[in-house]
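Okay, so here's the structure we're looking at.
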Amino acid sequence: MTTQIITIDGPVASGKGTIANLVAQELGWRYLDSGALYRLVALSAKENSVAVEDEIQLAKLAAELPVEFLEGEIYLYYQLVTNKIRAEEIGLIASQIAMHPKVRTALLERQKEFAKEANLVADGRDMGSVVFPEAQLKVYLTASAEERAKRRVKQLGLAIDSPEYQKIYQDILARDERDKNRTVAPLKPAQGAKILDSSTLSIEETVKKIIKWYQELVN
Ligand code: DC
Numbered sequence: 002m003t004t005q006i007i008t009i010d011g012p013v014a015s016g017k018g019t020i021a022n023l024v025a026q027e028l029g030w031r032y033l034d035s036g037a038l039y040r041l042v043a044l045s046a047k048e049n050s051v052a053v054e055d056e057i058q059l060a061k062l063a064a065e066l067p068v069e070f071l072e073g074e075i076y077l078y079y080q081l082v083t084n085k086i087r088a089e090e091i092g093l094i095a096s097q098i099a100m101h102p103k104v105r106t107a108l109l110e111r112q113k114e115f116a117k118e119a120n121l122v123a124d125g126r127d128m129g130s131v132v133f134p135e136a137q138l139k140v141y142l143t144a145s146a147e148e149r150a151k152r153r154v155k156q157l158g159l160a161i162d163s164p165e166y167q168k169i170y171q172d173i174l175a176r177d178e179r180d181k182n183r184t185v186a187p188l189k190p191a192q193g194a195k196i197l198d199s200s201t202l203s204i205e206e207t208v209k210k211i212i213k214w215y216q217e218l219v220n
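What follows is the structure, encoded as structure tokens:
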């Protein structure tokens, strides 16, 4: 049986995680949060004092990482780390280690495994371009940097005019630059991807649009 795959790629804080999760729920498919894998390597590197430049050791960690995704929770070495890996600091380390080709190669097979036995919605940066180029529907989900910073601030329970806004906005710009300009698997729309700018769309509208696109493609 050929499994069906929808990929949702996009920049940091574009809402891909929320959207991909909801699309998967709606269709009754499996969900892969590929950014979580990079964040898990980042957390493990931090806890084991492996430097972000040490490509060989990082790739080793990535290949051997005992990870489990269970009912919406994420475990590393049998410890619950779902919230821990969401810290901004871990995100920054993740974006640095994601530049190493050997780390990406080590995670490639692990990601492909997710689509072996079940239909899959996968979100990340290179799901449509590198990991699942065969996907039936590829979406590039984006929103303006200002809108993404606002969403992140709200998510953290802060006011839009709080001093943290500027820092979060600058971090988003810095991570965009790094993700777009790295030599391996840079962030860009995959060939054949449909571009979806969610700056003025609600979560429900965005989910509906993606499901409609998929249904139009397969019917
Ligand atoms: O989506 P996220 O913020 O959880 O991802 C964390 C970092 O991991 C991001 O800065 C870039 C990297 N990443 C990647 O390079 N490729 C992916 N498919 C997913 C994430």
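Quick note: to get our numbering, add 1 to the position in the sequence shown (first position is 1).
Quick reminder that beta carbons are idealized off the backbone N, C-alpha and C, glycines included.
| Check | Outcome |
| --- | --- |
| Nearest residue (CA-CA) to Ile-173, options Lys-155, Val-104, Glu-147, Lys-139 | Glu-147 |
| N- and C-terminal bounds of the alpha helix (DSSP H) containing Val-154 | 146-156 |
| With 16 other Cβ atoms within 10 Å as the buried cut-off, status of Tyr-32 | buried |
| Gln-80 - DSSP class collapsed to helix/strand/coil | strand |
| Which listed residue (Lys-209, Ile-86, Gly-73) has its alpha carbon closest to that of Glu-48 | Ile-86 |
| Three-way DSSP call (helix, strand, coil) for Val-185 in this model | coil |
| Burial state of Leu-71 (16 or more Cβ within 10 Å) | exposed |
| Close-in-space but distant-in-sequence residues of the same chain around Ala-43 (CB under 7 angstroms, 5 per side omitted) | Ile-91, Ile-94, Ala-95, Ile-98 |
| Ordered list of beta strand (DSSP E) runs contained in the region 67-112, each at least 3 residues | 68-71, 74-77 |
| CB of Leu-121 within 9 angstroms of CB of Thr-4, strictly | yes |
| Burial state of Pro-102 (16 or more Cβ within 10 Å) | exposed |
| Integer-rounded CB distance, given that Ser-203 should sit under 8 angstroms from Ser-145 | That pair is no contact at about 16 angstroms. |
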